[in-house]
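By the UniProt record's numbering, the letter at position 182 of the sequence shown is numbered 182, and the numbering carries on one by one without gaps.
Structure record follows, encoded as structure tokens.
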Amino acid sequence: MTKTTAYAKLDLAININPKKMTDGHYPVRYIDCQIDLCDKLTFENQIEKIEVICDDPSLPVDEDNFVYKAAILLKEMVGKKRLGTKITLVKNIPIKAGFGGGSSDAAATILGLSRLWKVKLSDNQIKRVARDLGKDFYYSYYGKVSEVVGKGKNYEIMPFRSCLPKFWLLVVVPDVEKPSTGWVYENLKTKNIGRNFDKQSFSTNKIEKLKTAIWQSDKMGILKNLTNDFEDSVFSYYPIIGEIKDDLARAGAQAAIMAGSGLSVVGFFGSKKKAEIGKQKLEGEGVIKQILVSKPLN
């Protein structure tokens, strides 16, 4: 038996090039970190069968589950028919909320089963898995504070040597059904996105300023340069999400950003006490499903 922990991912920056590649994908740059919201996975050996058990009945446990997919992919790569496992998944990361929970679970599955089955994968093999499971899987496999560049189904990751300064977070999950990431891309408003995507212009490029702020542990520099190119498009179709971002500011957040392609919003606070006071101010809002206090991992 072996156990792993799958941590939620938070995009501090999403920078989308408005010019599609020939394969129809948008090139994207991300600055990602992990936060302490996490799922727990336990792996036990059994012969041949891949079995997933989850404490959340709303999640599938078959081919539509990222944990199951990851286990099957690893078994196929290893090429040993008799390998099997029983995987128990305990969910805490909000589902379909912009935190890459399924992808993080998949990464934790590859890590856990690699230990259980005594398998060692190269970076090229991990990239092959990422072509099936996506960018968030690739990031979550390596973790830490990193820049990730995605072009089509190919990804490169560049970890930062520095850590984030201490922040406390309010994770606000709205009671609104999330559209698929594919739908968000299809309805992307490209007019104001991807500024200086391929240029290193420090004066105009927020993602370059954010990288420098992280290297220098510049707390205010980080807060000023959080950026998510999905926000304008999502806010135009779901104005309530923009309102939640404004509500976080009124509740004391120093900055706020939409998580991934939505629909959760994360507020940044200077202390745990201030985050908890902000939570009290937001509780009872009808559109809010869940509010969680969290912090980045370092």
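Just so it is clear, CB atoms sit at the ideal spot from N, CA and C, and this is done for glycine as well.
A quick note: this is a predicted structure, and the numbers were derived from the prediction, not measured.
For the 8 Å Cβ check, are there 3 or more pairs between the stretch 146-154 and the stretch 76-87?
No, the stretch 146-154 is not in contact with the stretch 76-87.
Given 8 Å, three or more beta-carbon pairs between the stretch 106-120 and the stretch 139-147
Judged by Cβ distances under 8 Å, the stretch 106-120 makes contact with the stretch 139-147, as three or more pairs qualify.
Out of 58, 41, 87, 30, state which residue places its alpha-carbon closest to the alpha-carbon of residue 299.
Residue coverage of the chain in this structure runs from 1 to 298, which leaves residue 299 outside it and unanswerable.
Exposed or buried, residue 249, counting other C-beta atoms within 10 Å across all chains shown (16 or more means buried)?
Label assigned to residue 249: exposed.
Quick one: what's got a C-beta closer than 7 Å to residue 242's C-beta in the same chain, skipping five residues either side?
Exclusion of the five residues before and after residue 242 leaves 235 as the residues of its chain whose Cβ lies within less than 7 Å of its Cβ.
Proximal residues to residue 295 (C-beta, below 7 Å), its chain only, five neighbours per side dropped
For residue 295, where only same-chain residues beyond five positions count, the Cβ hits under 7 Å are 35, 36, 167, 168, 169.
Can you check whether the CB of residue 184 is closer than 8 Å to the CB of residue 233?
One thing to note: residue 233 has its Cβ within 8 Å of the Cβ of residue 184.
Any idea if residue 24 is buried or exposed, counting beta-carbon neighbours within 10 angstroms, 16 or more meaning buried?
Residue 24 sits exposed, since fewer than 16 C-beta atoms from the chains shown fall within 10 Å of its C-beta.
Ends of the alpha helix (DSSP H) at residue 235?
The continuous alpha helix (DSSP H) containing residue 235 extends over residues 231-237.
Which residues share a DSSP beta bridge with residue 115?
Answer is none; residue 115 lacks a bridge partner.
CA nearest to the CA of residue 118, picked from 260, 31, 43, 258:
Answer by Cα proximity: 43.
May I have the straight-line CA-CA distance separating residue 76 from residue 1, to the nearest angstrom?
Each residue's Cα considered, the two are about 21 Å apart.
Which residues in the same chain have their Cβ closer than 8 Å to the Cβ of residue 253, if we skip the five residues on either side of it in sequence?
When the five nearest sequence neighbours on each side are left out, the beta carbons in the same chain lying within less than 8 Å of the beta carbon of residue 253 are those of 170, 267, 268, 269, 278, in order along the chain.
Please work out which residues of its chain come closer than 7 Å, Cβ to Cβ, to residue 276, disregarding the five sequence neighbours upstream and downstream, and give them in chain order.
Excluding positions up to five away in sequence, the list reads 293.
Restricting to Cα atoms, I'd like to know which of 223, 57, 102, 205 is closest to residue 68.
The shortest Cα separation from residue 68 among 223, 57, 102, 205 belongs to 102.
At the level of alpha carbons, what is the spacing between residue 180 and residue 186?
Each residue's alpha carbon lies about 10 Å from the other.
Can you tell me whether residue 291 is helix, strand or coil according to DSSP?
Looking at residue 291 - three-state DSSP - the assignment turns out to be strand.
Select from 97, 66, 96 the residue whose C-alpha is nearest the C-alpha of residue 89.
For residue 89, the nearest C-alpha among the options comes from 66.
How big is the Cα-Cα spacing for residue 192 and residue 133?
Cα to Cα, residue 192 sits roughly 29 Å from residue 133.
Residue 220 classed as buried or exposed, judged by whether at least 16 other C-beta atoms fall within 10 angstroms:
With fewer than 16 other Cβ atoms inside 10 Å of its own Cβ, residue 220 counts as exposed.
For residue 84 and residue 210, the rounded distance between their alpha carbons:
C-alpha separation (whole angstroms): 44 Å.
Once DSSP output is grouped into helix, strand and coil, what is the label at residue 223?
Three-state DSSP puts residue 223 in a helix.
Spatial distance of residue 218 from residue 165 (CA atoms)
Cα to Cα, residue 218 sits roughly 7 Å from residue 165.
Residue 96 and residue 174 look like a contact to me (Cβ under 8 Å); what is the Cβ gap, rounded to whole Å?
Taking the Cβ atoms as the reference, residue 96 lies roughly 11 Å from residue 174, outside the contact range of under 8 Å.
By DSSP's criteria, residue 132 is part of a beta bridge. Which residues make up the other side?
Beta-bridge pairing links residue 132 to no other residue.
Look up residue 66 in the DSSP assignment and say whether it is helix, strand or coil.
The answer is helix: DSSP assigns residue 66 an H, G or I state.
DSSP state of residue 22 mapped onto helix, strand, coil:
In the structure shown, residue 22 sits in coil (DSSP, three-state: anything other than H, G, I, E or B).
Counting only the same chain and skipping the five closest in sequence on each side, list residues whose C-beta sits under 7 Å from that of residue 299.
This structure gives no information on residue 299, because the portion of the chain shown stretches from 1 to 298.
Can you name the start and end residues of the beta strand (DSSP E) that residue 46 belongs to?
Counting along the chain, the beta strand (DSSP E) containing residue 46 begins and ends at 28-47.
Apply the 10 Å Cβ neighbour rule to residue 39 and answer buried if 16 or more other Cβ atoms are within range, or exposed otherwise.
Answer is buried; the Cβ neighbour count reaches 16.
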